């Protein structure tokens, strides 16, 4: 399973940019053989190398009781990161200093979802329900 964004993914991500800040949703399933520890190392690396791009960790926590999920749909952890723009995220991903630690993330994860979010008040479809 893919756990890292690819070039085509980043191009589409930038092409669909509605403007403004973006919160990235990370759903994480760790490799059972030391994945959580490797991911903790990655988070420390991420905090150091993402700061110049305005990244802000909004939430990092363990998955708990899944109330509505099919078997296998629960996640080990959730990470929410706010960036000032999609371009800031893309610039960070291309930075060699950030890239030096991405192998920690890749090795730590068995499966992941990395999804950009758009606030409901962005005007895309009117007001939030």
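In this note's numbering, the protein residues as written are -5 to 123. All C-beta atoms in this analysis are idealised placements derived from N, C-alpha and C, irrespective of residue type, glycine included. Source: prediction; values computed, not measured.
Check: Given residue 8, which residues of its chain have a CB within under 8 Å of its CB, disregarding the five upstream and five downstream residues?; Outcome: 80, 81 and 84
Check: Are residue 57 and residue 71 close, meaning C-beta to C-beta below 7 Å?; Outcome: yes
Check: Let's test the definition: count the other Cβ atoms within 10 Å of the Cβ of residue 107 and tell me whether it reaches 16, buried, or not, exposed.; Outcome: exposed
Check: Below 8 Å on the Cβ atoms is my guess for residue 86 versus residue 47; work out the distance and round it to an integer in Å.; Outcome: 4 Å
Check: Measuring straight from C-alpha to C-alpha, what distance separates residue -2 and residue 76?; Outcome: 18 Å
Check: Cβ of residue 98 within 7 Å of Cβ of residue 20?; Outcome: no
Check: According to DSSP, is residue 32 helix, strand or coil?; Outcome: helix
Check: Would you kindly check if the distance between the Cβ of residue 12 and the Cβ of residue 112 is under 7 Å?; Outcome: yes
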